[in-house]
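Residue numbers (my numbering), protein chains in the order written: chain A, 1 to 114; chain B, 115 to 228; chain C, 229 to 513; chain D, 514 to 798.
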Amino acid sequence: MADHGIPGTTIFDGVMARKGYALNKMCYSFNDPGNRAAFLKDEDAYCAKYHLTAEQREAVRHKNVLEMIAAGGNVYYLAKLAGIFGLNVQDLGAQQTGMTVEAFKAKLQEAGRN
Amino acid sequence: MADHGIPGTTIFDGVMARKGYALNKMCYSFNDPGNRAAFLKDEDAYCAKYHLTAEQREAVRHKNVLEMIAAGGNVYYLAKLAGIFGLNVQDLGAQQTGMTVEAFKAKLQEAGRN
Amino acid sequence: MAEVVGGLGTSHVPAIGNAIAKGLQQDPYWKPFFDGFIEARAWLKRIKPDAVVMFYNDHGLNFFLDKMPTFAVGAAPQYNNADEGWGLPVLRPCRGDAEFSWHLIEGLVGDEFDVTTCQEMLVDHAFVVPLQLLWPEGDAPPVVPVAVNTVQHPLASPARCLKLGRSIGRAIASYKKDMRVLVIGTGGLSHQLDGARAGFINKEFDMECIDKITANPEGLINYTVDDIVRLSGTQGVELLNWIAMRGALLGRVSKAFCNYHIPISNTASALLVLDNEAAEARRAA
Amino acid sequence: MAEVVGGLGTSHVPAIGNAIAKGLQQDPYWKPFFDGFIEARAWLKRIKPDAVVMFYNDHGLNFFLDKMPTFAVGAAPQYNNADEGWGLPVLRPCRGDAEFSWHLIEGLVGDEFDVTTCQEMLVDHAFVVPLQLLWPEGDAPPVVPVAVNTVQHPLASPARCLKLGRSIGRAIASYKKDMRVLVIGTGGLSHQLDGARAGFINKEFDMECIDKITANPEGLINYTVDDIVRLSGTQGVELLNWIAMRGALLGRVSKAFCNYHIPISNTASALLVLDNEAAEARRAA
Ligand SMILES: [Fe+3]
Ligand SMILES: [Fe+3]
Chain A
1 MADHGIPGTT
11 IFDGVMARKG
21 YALNKMCYSF
31 NDPGNRAAFL
41 KDEDAYCAKY
51 HLTAEQREAV
61 RHKNVLEMIA
71 AGGNVYYLAK
81 LAGIFGLNVQ
91 DLGAQQTGMT
101 VEAFKAKLQE
111 AGRN
Chain B
115 MADHGIPGTT
125 IFDGVMARKG
135 YALNKMCYSF
145 NDPGNRAAFL
155 KDEDAYCAKY
165 HLTAEQREAV
175 RHKNVLEMIA
185 AGGNVYYLAK
195 LAGIFGLNVQ
205 DLGAQQTGMT
215 VEAFKAKLQE
225 AGRN
Chain C
229 MAEVVGGLGT
239 SHVPAIGNAI
249 AKGLQQDPYW
259 KPFFDGFIEA
269 RAWLKRIKPD
279 AVVMFYNDHG
289 LNFFLDKMPT
299 FAVGAAPQYN
309 NADEGWGLPV
319 LRPCRGDAEF
329 SWHLIEGLVG
339 DEFDVTTCQE
349 MLVDHAFVVP
359 LQLLWPEGDA
369 PPVVPVAVNT
379 VQHPLASPAR
389 CLKLGRSIGR
399 AIASYKKDMR
409 VLVIGTGGLS
419 HQLDGARAGF
429 INKEFDMECI
439 DKITANPEGL
449 INYTVDDIVR
459 LSGTQGVELL
469 NWIAMRGALL
479 GRVSKAFCNY
489 HIPISNTASA
499 LLVLDNEAAE
509 ARRAA
Chain D
514 MAEVVGGLGT
524 SHVPAIGNAI
534 AKGLQQDPYW
544 KPFFDGFIEA
554 RAWLKRIKPD
564 AVVMFYNDHG
574 LNFFLDKMPT
584 FAVGAAPQYN
594 NADEGWGLPV
604 LRPCRGDAEF
614 SWHLIEGLVG
624 DEFDVTTCQE
634 MLVDHAFVVP
644 LQLLWPEGDA
654 PPVVPVAVNT
664 VQHPLASPAR
674 CLKLGRSIGR
684 AIASYKKDMR
694 VLVIGTGGLS
704 HQLDGARAGF
714 INKEFDMECI
724 DKITANPEGL
734 INYTVDDIVR
744 LSGTQGVELL
754 NWIAMRGALL
764 GRVSKAFCNY
774 HIPISNTASA
784 LLVLDNEAAE
794 ARRAA
């Protein structure tokens, strides 16, 4: 189901929701500043506590958003993890599209010009 | 809204749900055995923690179900408090109808005979 | 393709779980109730369900008034029972079927049911007691829980609950796996735990419900929720679970077996077993 | 009797809250966006709402995937903002109107909307940023939050969301208190945060949406949710909040004001202010 035929787009549906549950649950916990600190203090222990799959654990280790999405991560929860890593949504966009942040921002500007 | 014209019956609707929120929240906490023990150890402190209204606090002090319902209690949550007091649903029925437990049980038996 | 092979309504009061825990099935108080399930279990051996969809109501274990859904559908691989606060033994986890759950959820939302989807869900006595009664060996097939709000009014109407069941019936029929599905509705029948009318039981209305659930469920949809409370008691509204169960039976339906007994705890207890004749006929053909 | 006196759609991205916290309203990047709200606030002074119904989507603050409602309606006297994990200042609590909430909930369930009712509810940037933009002095009237699931598919369709709004519009019109109600939809317009298509913006589709939200909302209901994602981006589906808002405007509607600007953060930002002419006419008569 997860591929709905939209290029470059993963729909977070039941297939992805099942796959990503552990990762998303961990990310949801980051609403609590104590949990964010605990993650930063011992990433391994924190990920183990939430029973991340090996794929999810690697994606988090790599701070790689496309890998996290492939592992079932939902962007609304992942954004909280990105916050811990100090990445904003332009940084995330640049990383996912393989652009520099400046080029990604220019692309956004460009969308207003046509 | 709460009086829907059914004798001897309070419908747990928005009016009662608003009124009873603190009491029901306390009772919901009794799913946890640690919370049940804390209530038994210091009833005053536990009720204060959940900000019970004066009416709710008195109803709990009296172990009086009709008072609890009038104060917004919902029977599904109150049942957990009744469990702490060692009261089963026949005890509750007897108390609310002003009957002995034996007479209340006989009344239930009687309902099967007509 | 999946098909609904039968429907079943049953009481679910915690006292039943307690009686099972204490082995009181042959006790004179309990025997008329438990004996009804001998025939139901024999029927289950004949219809051989591979999966169950269970309409039930949560009694303050998984849901509180901070987030009270009208309809909640489980989408977990497993559902845990837990302490409800009054001493029932906590039972082993029940198997779910998340893939089947998501198929039902897709169908429901597509049919404009605004369900709450639960990838974790604690299940209370209203869910586990029927499983204990029907599969005392603990060998129940995977179950999809569908929780119907009976706690906080406004509740979904009988008409809406019948439609809920029908949407699920259609979704089951469109599921690509070969699977024999039993639908269960739990709770009821008439009873009232709270208020000066506590102990209210209405045998005449229960008989009407059993007849209409069997042969004419549309005969129940003109009742409002307040009507049901008036006729069946504040907790008698658990009838909504039976109505939803009946809605999922899309073929011709007939009564296979019924047991009605007063009282069990404060309730009129009932067991109703329904054959789905269309499914039977398809199997015979 | 209560009446809907206007509708408003606005972006809600966290970066706006951040810009407000840092006082960047006159910064060249932000000025074209914030200037749009000068006129919106002047309009608010004219229409003088006593209450607000706000359709928004929770971004993982109050709801998680263990219990994800399709539609959730707040029924609390107050709604607290909270830490979302990325450093926005936590704002003061917002006033609710529980009595009005319950009236809307009665109407919705009566109209067969299977809402989740929330007597406690944390509200995130999608709720508080629009209030900051429209009432920078913090003097917003009481608000009823209506959270629409945009996180986990299947989502409610555009058609269902328009019906949701209409049901709320009817419930507002039947409320016995004299009350001037503003309906707000937040989020959008086109944007996509995730995937290889991150940064996707579709000005042409946004223009179509602004036109149709204003004059012809039925023109949007044949789109599926997948269509909206394709045309508007994965987070562009926040358009559902705007559609629900528009549904609540039951009278004749005309555009009072619009501001559209690309980019704010990763989004095409938009502000659309709608007069409800029937209400205006009634007031003039
Ligand atoms: Fe029950
Ligand atoms: Fe958003």
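Heads up, the beta-carbon is just placed ideally off N, CA and C, and yes, glycines get one too.
Under DSSP, Met68 of chain A takes part in no beta bridge, so it has no partner. Leu762 of chain D carries a coil assignment under DSSP once its states are collapsed to helix, strand and coil.
In chain order, the residues that have a beta carbon nearer than 7 Å to some heavy atom of ligand 1 are C:His240, C:Val241, C:Asn285, C:His287, C:Ala354, C:Gly415, C:Gln463, C:Glu466. Excluding sequence positions up to five before and after Gln538 of chain D, its CB lies within less than 8 Å of the CB of Ala532, Lys544, Phe547, all in the same chain and listed in chain order.
Contact annotation, Glu466 of chain C with Thr378 of chain C: C-beta distance approximately 6 Å; criterion of less than 8 Å satisfied. C-alpha of Asp32 of chain A to C-alpha of Asp596 of chain D: approximately 7 Å in a straight line. Note on Tyr542 of chain D: under 16 other CB atoms within 10 angstroms of its CB, so exposed under the neighbour-count rule. Interface residue (Cβ-Cβ distance to chain A less than 7 Å): Ala230 of chain C is not classified as such. One alpha carbon belongs to Thr124 of chain B, the other to Met182 of chain B, and they sit about 11 Å apart.
Any Cβ of chain B closer than 7 Å to the Cβ of Trp258 of chain C would place that residue at the interface, and such an atom is absent. At a cut-off of 3 residues, the continuous stretches assigned as beta strand (DSSP E) that sit fully inside the region 657-733 of chain D are 692-699. Taking a C-beta cut-off of 7 Å against chain C, the contacting residues of the region 206-226 of chain B are Leu206, Gly207, Gln210, Thr211, Phe218, Lys221, Leu222, Gln223, Ala225, Gly226, listed in chain order.
Short of 7 Å from the beta carbon of Thr167 of chain B, and not among the five residues preceding or following it, lie these beta carbons of its own chain, in chain order: Ala136, Ala185. Non-local beta-carbon contacts of Asp434 of chain C in its own chain, meaning distances under 6 Å to residues more than five positions away in sequence, involve Leu417, Ser418, Ala496 in chain order. Against chain B, a Cβ distance below 8 Å from Ala588 of chain D picks out Gly128, Ala131, Arg132. Distance between Trp470 of chain C and Lys295 of chain C, taken at the CA atoms: about 24 Å. Between Gly598 of chain D and Gly83 of chain A, the CB-CB gap stays under 7 Å.
Among the residues facing chain C, Asn138 of chain B is included, as its CB has a counterpart in that chain under 7 Å away. Minimum Cα-Cα distance from Asp286 of chain C among the listed residues C:Gly475, C:Leu362, C:Leu468, C:Ala426 corresponds to C:Leu468. Nearest Cα to Thr699 of chain D within the set D:Thr523, D:Leu744, D:Gly519: D:Thr523. In this structure, DSSP gives Gln253 of chain C a state outside helix and strand, which the three-state scheme calls coil. Closer than 9 Å at the C-beta level to chain B, one finds these residues of the region 602-636 of chain D: Ala611, Glu612, Ser614, Trp615, His616, Ile618, Glu619, Thr630, Gln632, Glu633.
Between Thr53 of chain A and chain D, the shortest Cβ-Cβ separation is not below 7 Å.
For Ala653 of chain D, the secondary structure class from DSSP, reduced to helix, strand or coil, is coil.
Fewer than three beta-carbon pairs drawn from the region 153-161 of chain B and the region 639-650 of chain D are found closer than 8 Å, and the two stretches are therefore not classed as touching.
With a threshold of 16 other beta carbon atoms within 10 Å, Leu319 of chain C meets it and is buried. In the displayed model, Asp44 of chain A falls within a helix according to three-state DSSP.
With respect to Val501 of chain C, Ala476 of chain C sits apart: the two C-beta atoms are not nearer than 7 Å.
The Cβ atoms of Asp739 of chain D and His4 of chain A lie closer than 7 Å to each other. Ranked by Cα distance from Asp278 of chain C, the first of C:Ala384, C:Asn444, C:Phe328, C:Thr462 is C:Phe328. Annotated as distal: Leu222 of chain B and Gly461 of chain C, with beta-carbon spacing of 7 Å or more. Separation of Leu332 of chain C and Gly14 of chain A (C-alpha to C-alpha, rounded to the nearest whole angstrom) is 11 Å.
Cα atoms of Leu206 of chain B and Asp422 of chain C: separation of roughly 8 Å, rounded to the nearest angstrom. With a threshold of 16 other beta carbon atoms within 10 Å, Gly251 of chain C falls short and is exposed.
Taking every protein chain shown into account, the CB of Leu390 of chain C has 16 or more other CB atoms within 10 angstroms, so this residue is buried.
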